[in-house]
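> Mind looking over this structure? Questions follow.
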Amino acid sequence: MAIDYSKWDKIELSDDSDVEVHPNVDKKSFIKWKQQSIHEQRFKRSQDIKNLETQVDMYSHLNKRVDKILSTLSEEDFVDSSAITKFLNANFDKLEKSKGENVDPDISTYNEMVEDLFEQLAKDLGKEGKDFKNPRLLRDAILKHRTKIDSVTVEAKKKLNELYKEKNAHISSDDIHTGFDSSFMNKQKEEAKKLESTSSEARAVSTDSTIINKLAKSSTPQNFIEFKDDPMTLAKETEEFGKISVNDYSKSQKFLLEHLPIISEQQKDALMMKAFEYQLHGDDEMTLQVIHQSELMAYIREIYDLKKIPFLNPMELSNVIKMFFEKVIFNKNKPVGKESFLKSVREKFLHVQKRSKILQQEEMDEANVEGVETIQLKSLDDSTELEVNLPDFNSRDPEEVEKVKIFRTLIPEKMQEAIMTKNLGNINKVFEDIPIEEAEKILEVFNDIDIIGIKAILENEKDFQSLKDQYEQGNEDATMGSLTLSDNENGGKEHEEVKNTAETVD
1 MAIDYSKWDK IELSDDSDVE VHPNVDKKSF IKWKQQSIHE QRFKRSQDIK
51 NLETQVDMYS HLNKRVDKIL STLSEEDFVD SSAITKFLNA NFDKLEKSKG
101 ENVDPDISTY NEMVEDLFEQ LAKDLGKEGK DFKNPRLLRD AILKHRTKID
151 SVTVEAKKKL NELYKEKNAH ISSDDIHTGF DSSFMNKQKE EAKKLESTSS
201 EARAVSTDST IINKLAKSST PQNFIEFKDD PMTLAKETEE FGKISVNDYS
251 KSQKFLLEHL PIISEQQKDA LMMKAFEYQL HGDDEMTLQV IHQSELMAYI
301 REIYDLKKIP FLNPMELSNV IKMFFEKVIF NKNKPVGKES FLKSVREKFL
351 HVQKRSKILQ QEEMDEANVE GVETIQLKSL DDSTELEVNL PDFNSRDPEE
401 VEKVKIFRTL IPEKMQEAIM TKNLGNINKV FEDIPIEEAE KILEVFNDID
451 IIGIKAILEN EKDFQSLKDQ YEQGNEDATM GSLTLSDNEN GGKEHEEVKN
501 TAETVD
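Sequence positions in the sequence shown follow full-length UniProt numbering and run 1 to 506.
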């Protein structure tokens, strides 16, 4: 019988093997130091793995709760601590908390951590001088924090994978099983017992072993499909899987067994985003179907992740797929598993419908804002400013009486009120709600009765006289107005040009 000696290549030696040391260094001391160093590194690696596993697991539980809140509760509930507490206790185990060798037994429960998160984010908004009772601001802060946690989790998983690989590269005495501990005399009987003990398990899952054997014997290593540069990208195999009918579970199982690499976090999320695309086009049937298929991938991937295998192991993943369909989907004796799965699908479907409606409304609102032209009065020169001139309501001068009449009859009441404040901002605010054609007519009235004037600072009499001469000579840039000269507080000269300056903005 051929014996595989390759496993001994990874042994991390820490005994008194033939090592060469400096003549001035005691060999036994050197070996002792070496042994101590190896054990310390191994212990630290083990502790780091446990800490990171606990961290990733904790973030997973917290994210489930935060995501449930974001997708279910209204924004007004975000600032109501009692509503958050009530919702969490109704949907999650209020006693559930992180456990582990290095975890403080008095650590807060997951529900309490989420409650504290909402309170802390509200306090942070207050410290920044923002309205911490504003639901929209709190929601944005939560989403920002959620993104930060995702980033930390990715880094933690990356480090964890590195530690797993480092651990697998070194075998300790606990990992070595030579196979010589039992006699070869009863080999056939032991093999028979082994087959007998596993036969019941083999019958409990699908008998499609051909696919698994083919994958196990494949010499080409497989990796999960991950489009990290574009997380929205779907592999053609994943898109094909999304088109399988929700009622054809046998076909879904067979497809997944034949296309293991698509069961990745990125592909599962990308398929879910495809559901939004269908829903935005009003296709409820395809939306539900794609969500259903994405959930199949999500459930299977979550079970596989519990095995803490940082790479694609065809045999292990195939076993998970077969177990999931047999225990959850095809198990008629215990339908609660399938019912729970379908409930999750339904909740996500309703969430996608709700979010799609919001997205469509936001797009319509943006389109309406961008598509409406409005007129805004502003000075086109930094050295000038616009001012509001009121007609003389008490004058008996025929010209002023006519201006007052036009003001009262041809200018809308809201605009009259804005003009009476003599505040240009108030006038522009009224213009925002007036259609462009009507606004242009109002501008003509402004011109006729000299409502808007331009005030500019001139340095001296010479500048004023020069500008006045230009008006008298009919200069095109200085028509439509008259000039007056007056002393200002700074010793300069002001002139007024009775002229409207307006610009049309989108």
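From the three backbone atoms N, C-alpha and C, an ideal C-beta is built for every residue, glycine too.
Counting Cβ pairs closer than 8 angstroms, one from the stretch 296-303 and one from the stretch 324-331, do we hit at least three?
Cβ pair count under 8 angstroms is three or more, so yes.
> Whose C-beta lies closer than 8 angstroms to the C-beta of Lys338 among residues of the same chain, with five residues either side of it excluded?
As a first step, residue 338 is located in the sequence shown; it is residue number 338 there, counting from the start. Excluding residues within five positions, the ones whose Cβ falls inside 8 angstroms are Val328, Ile329 and Asn331.
> Just list the residues that DSSP pairs Val328 with in beta bridges.
Here residue 328 refers to the residue found at position 328 when the sequence shown is read from its first residue. Per DSSP, none; premise fails for Val328.
> Does Gly337 come out as helix, strand or coil in the three-state DSSP assignment?
Here residue 337 is taken as the residue at index 337 of the sequence shown, counted from 1. If DSSP states are grouped into helix, strand and coil, Gly337 belongs with the helices.
> Suppose only complete runs of 4+ residues qualify. What are the alpha helix (DSSP H) ranges in the stretch 81-149, listed by chain order?
If we require 4 residues or more, the alpha helix (DSSP H) runs fully inside the stretch 81-149 come out as 81-91 and 110-127.
> Check each candidate in Lys165, Leu377 and Asn63 and name the one with the smallest Cα separation from Thr147.
Taking the sequence shown and counting its residues from 1, the one referred to as residue 147 is at position 147. Nearest of Lys165, Leu377 and Asn63 to Thr147, Cα basis: Asn63.
> Do you know how far the Cα of Asp140 is from the Cα of Asp116?
Along the sequence shown, one-based indexing puts residue 116 at 116. Along the sequence shown, one-based indexing puts residue 140 at 140. C-alpha separation (whole angstroms): 17 angstroms.
> Could you check where the alpha helix (DSSP H) with His259 kicks off and where it finishes?
Residue numbering aside, residue 259 sits at position 259 when the sequence shown is read from its first letter. Unbroken run through His259: none, as it is neither H nor E.
> Would you kindly work out how many angstroms separate the C-alpha atoms of Ser395 and Val401, rounded to a whole number?
Here the question's residue 395 lines up with position 395 in the sequence shown. Here the question's residue 401 lines up with position 401 in the sequence shown. In a straight line, the C-alpha of Ser395 is about 7 angstroms away from that of Val401.
> Taking the straight line between their C-alpha atoms, what separation do you get for Ser245 and Lys354?
Walking along the sequence shown from the start, residue 245 turns up at place 245. Walking along the sequence shown from the start, residue 354 turns up at place 354. So the two alpha carbons sit approximately 23 angstroms from each other.
> Just to confirm the assignment, what range does the alpha helix (DSSP H) spanning Leu390 have?
Indexing the sequence shown from 1 puts residue 390 at position 390. That residue, Leu390, is in no alpha helix (DSSP H); it is neither H nor E in DSSP.
> Between the Cα of Ala90 and those of Asp104, Leu73 and Ser46, spot the shortest distance and give me the residue it belongs to.
Working through the sequence shown from its first residue, we reach residue 90 at position 90. Cα-wise, what sits closest to Ala90 is Leu73.
> What first and last residue would you give for the alpha helix (DSSP H) that runs through Asp448?
On the sequence shown, position 448 is the one that residue 448 refers to. First-last of the alpha helix (DSSP H) with Asp448: Ile436 to Asp448.
> Enumerate in chain order the residues of its own chain whose CB-to-CB distance from Ala418 is below 6 angstroms, with the five nearest sequence positions on each side excluded.
By one-based count along the sequence shown, residue 418 stands at place 418. Once the five neighbours on either side are set aside, the close Cβ partners of Ala418 are Asn426, Ile427 and Val430.
> Are Lys127 and Val79 close, meaning C-beta to C-beta below 7 angstroms?
Here residue 127 refers to the residue found at position 127 of the sequence shown. Here residue 79 refers to the residue found at position 79 of the sequence shown. No, Cβ-Cβ distance for Lys127 and Val79 is not below 7 angstroms.
> Are at least three pairs of beta-carbons, each pair with one atom in the stretch 95-104 and one in the stretch 153-163, less than 8 angstroms apart?
Short answer: they don't touch.
> So, with DSSP's three-state summary, where would you put Leu234?
Counting from one through the sequence shown, the residue named residue 234 turns up at place 234. In this structure, Leu234 counts as coil in the three-state DSSP scheme.
> Exposed or buried, which one is Thr238 when buried takes at least 16 other CB atoms within 10 Å?
As a position in the sequence shown, residue 238 is number 238, starting the count at 1. Classification of Thr238: buried, given that the 10 Å Cβ count is 16 or more.
> Measuring alpha carbon to alpha carbon, tell me which residue in Gln376, Ser356, Phe311 and Arg45 is nearest Tyr278.
Here the question's residue 278 lines up with position 278 in the sequence shown. Of Gln376, Ser356, Phe311 and Arg45, the residue nearest in Cα terms is Ser356.
> DSSP three-state call for Ile452: helix, strand or coil?
Along the sequence shown, one-based indexing puts residue 452 at 452. In this structure, Ile452 counts as strand in the three-state DSSP scheme.
> Quick check on DSSP: helix, strand or coil for Glu385?
Working through the sequence shown from its first residue, we reach residue 385 at position 385. Three-state result, Glu385: strand.
> According to DSSP, simplified to helix, strand and coil, what is Asp433?
Looking up residue 433 in the sequence shown gives position 433. Asp433: coil per DSSP, three-state reduction.
> Kindly indicate which residue of Asp433, Lys403 and Leu160 has the alpha-carbon position closest to the one of Lys50.
Numbered from its first residue, the sequence shown carries residue 50 at position 50. It is Leu160 whose Cα lies nearest to the Cα of Lys50.
> With burial defined as no fewer than 16 other Cβ atoms inside 10 Å of the residue's Cβ, what is the status of Asn111: buried or exposed?
On the sequence shown, residue 111 is found 111 positions in, with the first residue counted as 1. Answer is buried; the Cβ neighbour count reaches 16.
> Span of the alpha helix (DSSP H) holding Phe407?
Here residue 407 is taken as the residue at index 407 of the sequence shown, counted from 1. Note, Phe407: alpha helix (DSSP H), Pro398 to Leu410.
> With distances taken Cα to Cα, identify the nearest neighbour of Phe92 among Ile436, Asp67 and Gln55.
Taking the first residue of the sequence shown as 1, we reach residue 92 at position 92. For Phe92, the nearest C-alpha among the options comes from Asp67.
> Where does Asn63 sit, in a helix, a strand or coil, going by DSSP?
Walking along the sequence shown from the start, residue 63 turns up at place 63. Helix, per DSSP.
> Alpha carbon to alpha carbon, what distance is there between Leu350 and Leu424?
Start at 1 with the first residue of the sequence shown, and residue 424 comes out as number 424. Start at 1 with the first residue of the sequence shown, and residue 350 comes out as number 350. In a straight line, the C-alpha of Leu424 is about 48 angstroms away from that of Leu350.
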